[in-house]
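Some notes on the structure that comes next.
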Amino acid sequence: MNELLTSLSEVQSAPGFDTFKFSIVDFLEVKTYDLTDFDLLKYRAQVRGGEYLNSEMVSGIVVTDPAVLEILKTRYEAFTNYRVGYFPTLESCKQWVEEITGKAVQLD
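Numbering (numbering that gives the first Met the number 0), first residue to last: 0 to 107.
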């Protein structure tokens, strides 16, 4: 969870975050997770803060593990105002983001 919070903090504090059009989060390597209600509360607070700075961003999530997908749908999508899409591959996520935003996406 700390890795996710650190990553989110780095993105939200990046110069120009208020103009970002999308985020792509790759959960393909996630095999285990340990989330408490307090962890989720901290994550929700940080996401909400980011939404005040940039309410127009879309969030593409790459995930194949059914348990991780279920947590994301019930514990993330339920409290965010961002438009969220779930995809089994980075390429399918990239295509969705490009269609939604009209911007070319380069994955590094």
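C-beta atoms are modelled at their ideal positions from N, C-alpha and C, and glycine is treated no differently.
| Any chance the segment 39-47 sits against the segment 17-29, with 3 or more Cβ pairs inside 8 Å? | Two segments are said to touch when three or more pairs of C-beta atoms, one from each, lie closer than 8 Å; by this definition the segment 39-47 does not touch the segment 17-29.
| said: Would F78 and N53 be called neighbours here (beta carbons separated by less than 8 Å)? | reply: Residue mapping note: residue 78 aligns to position 79 of the sequence shown, counting from 1. Residue mapping note: residue 53 aligns to position 54 of the sequence shown, counting from 1. Cβ distance not < 8 Å, so F78 and N53 don't count as in contact.
| query | What is the residue span of the alpha helix (DSSP H) that D36 lies within? | reply | Numbered from 1 along the sequence shown, position 37 holds the residue referred to as residue 36. D36: member of the alpha helix (DSSP H) spanning D36 to L52, first to last residue.
| task | Report all residues from its chain with a CB closer than 6 Å to the CB of F86; omit the five preceding and five following residues, and keep chain order. | result | As a position in the sequence shown, residue 86 is number 87, starting the count at 1. Within the same chain, F86 has close Cβ partners V61 and C92.
| So, is Y81 buried or exposed, given that buried needs 16 or more other C-beta atoms within 10 angstroms? | Translated into positions along the sequence shown, residue 81 becomes position 82. Its Cβ being crowded by 16 or more others within 10 Å, Y81 is buried.
| message | Tell me the rounded alpha-carbon separation between L7 and A103. | response | Indexing the sequence shown from 1 puts residue 7 at position 8. Indexing the sequence shown from 1 puts residue 103 at position 104. Straight across, the Cα-Cα distance linking L7 with A103 is about 22 Å.
| task | Within the same chain, show all residues whose beta-carbon is closer than 7 Å to that of M56, passing over the 5 residues directly before and after it, in chain order. | result | Reading the sequence shown from its first residue, position 57 is the one you call residue 56. The residues are F19, K20, F21, S22 and Y81.
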